[in-house]
Amino acid sequence: MNIQEIYDRQKERVYRLALLYLKNIADAEDAVSAIFLKVMTKKIEFHDLDHETAWFITATKNYCKDLLKASWRKKVDLGTLPERAAEESQSAELLSLVMELPPKYREVLYLYYYEGYSLRELSVMLKRKESTLQSRLATARKRLKAVLEREADGNDKA
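With this note's numbering as the guide, the letters of the sequence shown map in order to residues 1 to 158.
Set out below in structure tokens:
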């Protein structure tokens, strides 16, 4: 296991997913460090690339959820996604809109479109029925479409 190769393959995925959950660049960077430190200290072995990717997504999700449960974070206003991330590209703007969705919609939409997982794979990973995830995905699309239409209407009037 070459940790540098794994890091190069997974760092962006871990960072984007952590940013999705934590909505804070500094915390997302800390999550990347914590996740990779865990891999090195526990000497985790991966069977193949799919196993590796699934492990990193699950570990990142669990790390972020644990961090968000911490009582001190409930008292702190985390703000919104910093402007720097939104300025990077049009896809970053779309990602920031995805991040504004409620967590149950945001998670399935991100993993389906940005990470390329099928509903069947997500069903196993998230421990939810495919039909539930399909409904969440449809609702997430409708909500995102409504936001995009409102923004388009606002830009037309300006």
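Every residue gets a Cβ at the ideal spot worked out from N, C-alpha and C, and that includes glycine.
Secondary structure of residue i, DSSP reduced to three states
i	result
I57	helix
Y7	helix
E12	helix
E151	helix
N62	helix
I44	coil
E52	helix
S118	coil
A146	helix
L101	coil
K69	helix
R128	coil
K23	coil
Through-space distance from residue j to residue i, alpha-carbon basis
i	j	result
K61	L111	11 Å
A59	I35	7 Å
H47	Y105	30 Å
I57	R16	10 Å
L133	V98	16 Å
L49	R13	13 Å
L37	C64	15 Å
E151	L94	12 Å
Q4	M40	11 Å
A44	E115	Correcting the residue type first, residue 44 is Ile in the shown sequence and not Ala. Rounded to the nearest angstrom, the two C-alpha atoms are 22 Å apart.
A146	D153	11 Å
S123	S96	24 Å
L148	Y113	17 Å
S33	S118	28 Å
R141	K42	39 Å
R128	A70	25 Å
Cβ shell of residue i (< 8 Å), same chain only, five flanking positions each side left out
i	result
E52	I6, R9, Q10 and F46
R120	E130
P102	none
T139	Y105
L22	A28, A31, C64, L67, L68 and L78
M125	A54, I57, T58, L111 and Y117
Own chain, CB closer than 7 Å to residue i, minus 5 neighbours either side, in chain order
i	result
R136	K104, Y105 and V108
Same chain only: Cβ atoms within 6 Å of residue i, ignoring 5 sequence neighbours per side
i	result
G19	A quick correction: the sequence has Leu, not Gly, at residue 19. So the list reads A28, once near-sequence residues are dropped.
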